[in-house]
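Here the structure comes first, spelled out in structure tokens, and everything after it is commentary.
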Amino acid sequence: MFKAIVSADTLGAALDSVSVLVDECKVRLDEEGLTIRAVDPANVGMVDLELSASAFESYETDGGVIGVNLDRLEDIVGMADSGQLVHLDLDEETRKLHISLDGLEYTLALIDPDSIRQEPDLPDLDLSSEIVIEGADIDRAVTAADMVSDHIALGVDPDAEEFYVDAEGDTDDVHLELDREDLIDLTPGEARSLFSLDYLKDMNKAIPKDAEVTMELGEEFPVKMHFDFAEGDGHVTYMLAPRIQSD
Amino acid sequence: MFKAIVSADTLGAALDSVSVLVDECKVRLDEEGLTIRAVDPANVGMVDLELSASAFESYETDGGVIGVNLDRLEDIVGMADSGQLVHLDLDEETRKLHISLDGLEYTLALIDPDSIRQEPDLPDLDLSSEIVIEGADIDRAVTAADMVSDHIALGVDPDAEEFYVDAEGDTDDVHLELDREDLIDLTPGEARSLFSLDYLKDMNKAIPKDAEVTMELGEEFPVKMHFDFAEGDGHVTYMLAPRIQSD
Amino acid sequence: MFKAIVSADTLGAALDSVSVLVDECKVRLDEEGLTIRAVDPANVGMVDLELSASAFESYETDGGVIGVNLDRLEDIVGMADSGQLVHLDLDEETRKLHISLDGLEYTLALIDPDSIRQEPDLPDLDLSSEIVIEGADIDRAVTAADMVSDHIALGVDPDAEEFYVDAEGDTDDVHLELDREDLIDLTPGEARSLFSLDYLKDMNKAIPKDAEVTMELGEEFPVKMHFDFAEGDGHVTYMLAPRIQSD
Chain A
1 MFKAIVSADT LGAALDSVSV LVDECKVRLD EEGLTIRAVD PANVGMVDLE LSASAFESYE
61 TDGGVIGVNL DRLEDIVGMA DSGQLVHLDL DEETRKLHIS LDGLEYTLAL IDPDSIRQEP
121 DLPDLDLSSE IVIEGADIDR AVTAADMVSD HIALGVDPDA EEFYVDAEGD TDDVHLELDR
181 EDLIDLTPGE ARSLFSLDYL KDMNKAIPKD AEVTMELGEE FPVKMHFDFA EGDGHVTYML
241 APRIQSD
Chain B
1 MFKAIVSADT LGAALDSVSV LVDECKVRLD EEGLTIRAVD PANVGMVDLE LSASAFESYE
61 TDGGVIGVNL DRLEDIVGMA DSGQLVHLDL DEETRKLHIS LDGLEYTLAL IDPDSIRQEP
121 DLPDLDLSSE IVIEGADIDR AVTAADMVSD HIALGVDPDA EEFYVDAEGD TDDVHLELDR
181 EDLIDLTPGE ARSLFSLDYL KDMNKAIPKD AEVTMELGEE FPVKMHFDFA EGDGHVTYML
241 APRIQSD
Chain C
1 MFKAIVSADT LGAALDSVSV LVDECKVRLD EEGLTIRAVD PANVGMVDLE LSASAFESYE
61 TDGGVIGVNL DRLEDIVGMA DSGQLVHLDL DEETRKLHIS LDGLEYTLAL IDPDSIRQEP
121 DLPDLDLSSE IVIEGADIDR AVTAADMVSD HIALGVDPDA EEFYVDAEGD TDDVHLELDR
181 EDLIDLTPGE ARSLFSLDYL KDMNKAIPKD AEVTMELGEE FPVKMHFDFA EGDGHVTYML
241 APRIQSD
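Residue numbers (UniProt numbering), protein chains in the order written: chain A, 1 to 247; chain B, 1 to 247; chain C, 1 to 247.
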């Protein structure tokens, strides 16, 4: 059983954060809320989404897992005007999700969860640096790096107490330094890792420009980024595996 | 002889309603105003446009029929700013239409009307149901149906006093019900017909979101939709032939 | 040595006026400011750009010539918000230009100036007519002409004291007449020349709609167009060779 009412904006933001990495996903339902964990086919980028029951206008479930085509569901939710409510009602027998918004009813066929790539474990890493940064600054760094290269180094200089971004192209380079003044917060430690820009660009699409993003970095380790949405009732964690440094 | 001045907005709306179905058309001129009737090459969708002389700032003609390339004429009219006036002046000898707006003169070669597909007769059908609906609701129904299918059923349930829309896809379905409260007016009768979504999407493009659209429906019969524009001085009727129900 | 600070808007406008004609260019630096001269590969359209030192927040150079990839530089400058300042700093040893905006540093590899097409001489022509016209009117003429033809005639009728534009297509024609009332200023003389519309469309892209453009025209002679930007501290001259009249 699953029956819920939620604002289209909240549901849309939740779906967007997952759909930048995968087309289909398992949605876990329990009384606390809904969670989605997914990893891209190459096992490089992972997402962990939590949308707590308090993010919903009403929320009832006795638990379960459903398989969802994200594009379809996003298209339907995208038809709603901002602030409109979306009603979700699971039909367990037919394995269909009834979605209604303002008189419009959409019957979405669910996917067998067993046919969907297994959910990843997000490893509990002990990363040396923690940076709290505005979403807009991540966007700026990613956009600039994309002009010159297809990979990007993220690092922290503990002496200078700076977070930095490096992208080296064949002829041109991009460099961005943000110190304590420019950041929301910084817990410095030796850290530098190289990442595929494609994945970071995808994740960046789902990060609100005004979000406070907490970034955890290490030495040639994955980066973790987390941020809240829906006034704190929604939470996204991205994890991106490093590329091997070529030098 | 044909000499007229009309606002670019009015002329643009008139042309748009026809150009969604055909590229070329005959324009009939008489002292009452201008009329265009056209049917698409597959004989599925028809349009009947009336723009009365009172829609013009000035209007003079002694009658006649001209053949027009709609894309060309729309491009020219599209150059005008909102509220700007377009001057039309027919040169009978050269069979060219002189169009001027704000100092710019465009000479449009007309098409021999005999080379254009014959104008259809819009049959006088006795349809059982009449629905008066906002253009925005048609847009919503068409957009949602388009997510799942390439055809759409429009119907009326006389007992429930509801107008409904059904689209059945391979896996997903869309359903919309609008009762008296949601509609502007309803004269219910048994009615349900299936239509090609492509045609309805084209017609929908030309229906203003804030228009009151009168829709006449029957049992496996064509649908008629009409609406006014230019403050009532312009009137469009669309007629769309049904598809054969597959079940 | 070259070290300067300039608003992104001013630098962007300067680069745009050149990049509509060429991809790479030589930038001449001296204490008066920066100048760029370039001609397109077919030797049909030329540009002469001057951006005086007073257009910059700060400007220091001991002279020199650098070769620049315009697309790259435009992309970087395009990342700035309106009103933001761009810092430019030339590293003579590495032949790289350091560009920084709001903490972001971009290192642009310069091009060997000797590998770039030679700068043209803009001939000092004695043209019979001078028209001062709003950029918006050039845009209107070019857009309308483009509907019917790939070339455009610009002329002056000294008796009627009118500037006119003619474009003749296979079936349709466009004509625009602007008299003293419509123009900012007119010094009439016999003038009519035919031009390639493609070039004029490119130049038109870089002409601000609210610019006062001075156009010099002759009988089957090149047209010169000049306008100021950056509150008079920037100046662009375009010159476009005529096409041979086909009749």
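Using N, Cα and C, we set each Cβ at its ideal position, and we do this for glycine too.
Hey, out of B:P222, B:F229, B:L194, B:E93, whose CA is closest to B:A211's CA?
-> Nearest of B:P222, B:F229, B:L194, B:E93 to B:A211, Cα basis: B:F229.
Nonlocal neighbours in the same chain, by C-beta distance under 7 Å from C:K96, ignoring five residues either side | Closer than 7 Å at the Cβ level, and outside the excluded window around C:K96, lie T107, L108, A109, L110.
Beta-carbon neighbours of B:D75, restricted to chain C and to distances below 7 Å = Correct list: M147.
Can you list the alpha helix (DSSP H) stretches of 4 or more residues lying completely in the segment 126-192 of chain A, in chain order?
-> Runs found: 135-146.
Who are the near neighbours of A:H226 in its chain, counting only those whose CB is closer than 8 Å to its CB and skipping five residues on each side?
-> The answer, listed in chain order, is V213, T214, H235, V236, T237, Y238.
Uninterrupted alpha helix (DSSP H) stretches inside the segment 35-63 of chain A (no shorter than 4 residues) | Fully enclosed alpha helix (DSSP H) runs of 4 or longer: not present.
Name the DSSP beta bridge partners of A:V223, please?
-> A:V223 is bridged to A:L240.
In the DSSP assignment, what are the bridge partners of C:M215?
-> Paired residues: C:I131, C:M225.
Contact belief for C:S58 with C:D9 at Cβ below 8 Å, rounded distance in angstroms = About 17 Å separates the beta carbons of C:S58 and C:D9, which is beyond the 8 Å limit, so they are not a contact pair.
Neighbouring residues, chain B, relative to C:A144 (Cβ below 8 Å) | Within chain B, the residues near C:A144 are I76, M79, L104, Y106.
With a CB to CB cut of under 8 Å and the five nearest residues on each side skipped, what residues in its chain are close to A:K201?
-> Cβ contact annotation for A:K201 (same chain, cutoff 8 Å, sequence separation greater than five): V142, D146, in chain order.
CB contact flag (B:V156, B:G135, <8 Å) = Here B:V156 is not near B:G135, since their CB atoms are 8 Å or more apart.
Mark C:S19 as exposed unless 16 or more other C-beta atoms lie within 10 angstroms of its C-beta, in which case mark it buried.
-> Result: buried.
Count the other CB atoms within 10 Å of the CB of A:D16; is the residue buried (16 or more) or exposed (fewer)?
-> Around the C-beta of A:D16, 16 or more other C-beta atoms lie within 10 Å, and the residue is accordingly described as buried.
A:M19 bridges to which residues according to DSSP?
-> Residue identity differs from the one stated: residue 19 of chain A is Ser in this sequence, not Met. Note: A:S19 is not bridge-paired with any residue in the DSSP secondary-structure output.
What is the C-beta distance between B:L73 and B:I131, in whole angstroms, given that I count them as a contact (C-beta under 8 Å)?
-> About 33 Å separates the beta carbon of B:L73 from that of B:I131, a gap too long to meet the 8 Å contact definition.
Distance, B:D121 Cα to B:D89 Cα = Taking the straight line from one Cα to the other gives about 29 Å.
Excluding the 5 residues preceding and the 5 following C:D23 in the sequence, name in chain order all residues of the same chain whose CB lies nearer than 8 Å to its CB.
-> Correct list, in chain order: N69, L70, D71.
Cutoff 6 Å; reference A:A167; Cβ partners in own chain excluding five residues on either side | Once the five neighbours on either side are set aside, the close Cβ partners of A:A167 are A145, V148, S149, I152, V174.
Could you give the C-beta distance for B:A53 and B:G33, rounded to a whole number, given that I count them as a contact under 8 Å?
-> Confirmed, about 4 Å.
Within 8 Å (strictly less), CB to CB, does C:R180 reach chain B?
-> Closer than 8 Å: no.
Chain B partners of A:A8, CB-CB under 9 Å?
-> Listed along chain B is no residue with a C-beta nearer than 9 Å to that of A:A8; the closest approach is about 14 Å.
Pick from B:D159, B:C25, B:L29: whose alpha carbon is nearest that of B:G67?
-> Checked all of B:D159, B:C25, B:L29; the closest Cα to B:G67 is B:C25.
Name the DSSP beta bridge partners of C:V107, please?
-> A quick correction: the sequence has Thr, not Val, at residue 107 of chain C. A:D173, C:H98, per the DSSP bridge assignment.
Excluding sequence positions up to five away, which residues of its chain have a Cβ less than 8 Å from the Cβ of A:V65?
-> Around A:V65: K26, V27, R28, L29, P113.
Return the residue from the list A:R180, A:I116, A:E105, A:D139 that minimises the CA-CA distance to A:D159.
-> Of A:R180, A:I116, A:E105, A:D139, the residue nearest in Cα terms is A:R180.
So which of C:S193, C:L85, C:R37 has the shortest CA-CA distance to C:S128?
-> Here the closest residue by C-alpha is C:S193.
Return helix, strand or coil for A:D91, following the three-state DSSP convention.
-> Secondary structure at A:D91: strand, using DSSP grouped into helix, strand and coil.
Give a yes or no on whether 8 Å exceeds the smallest Cβ distance from B:R72 to chain C.
-> B:R72 counts as touching chain C.
Starting from the C-beta of B:A241, find all residues in its chain whose C-beta is less than 6 Å away, skip the five residues before and the five after it, and write them out in chain order.
-> Taken in chain order, the residues that qualify are V44, P222.
Proximity of A:F2 and A:T94 at Cβ, strictly below 8 Å | Contact check for A:F2 against A:T94 fails: the beta carbons are separated by 8 Å or more.
Can you tell me whether DSSP reads C:L70 as helix, strand or coil?
-> It is helical.
Spatially closest choice to C:H98 from A:S7, A:A4, A:V77, A:T171, by CA coordinates | Taking only the C-alpha atoms, the option nearest C:H98 is A:T171.
Express the C-alpha separation of A:V86 and A:E92 in angstroms, rounding to a whole number.
-> Approximately 19 Å between the Cα atoms of the pair.
What are the boundary residues of the alpha helix (DSSP H) that C:K201 is part of?
-> From DSSP, the alpha helix (DSSP H) with C:K201 extends over 197-206.
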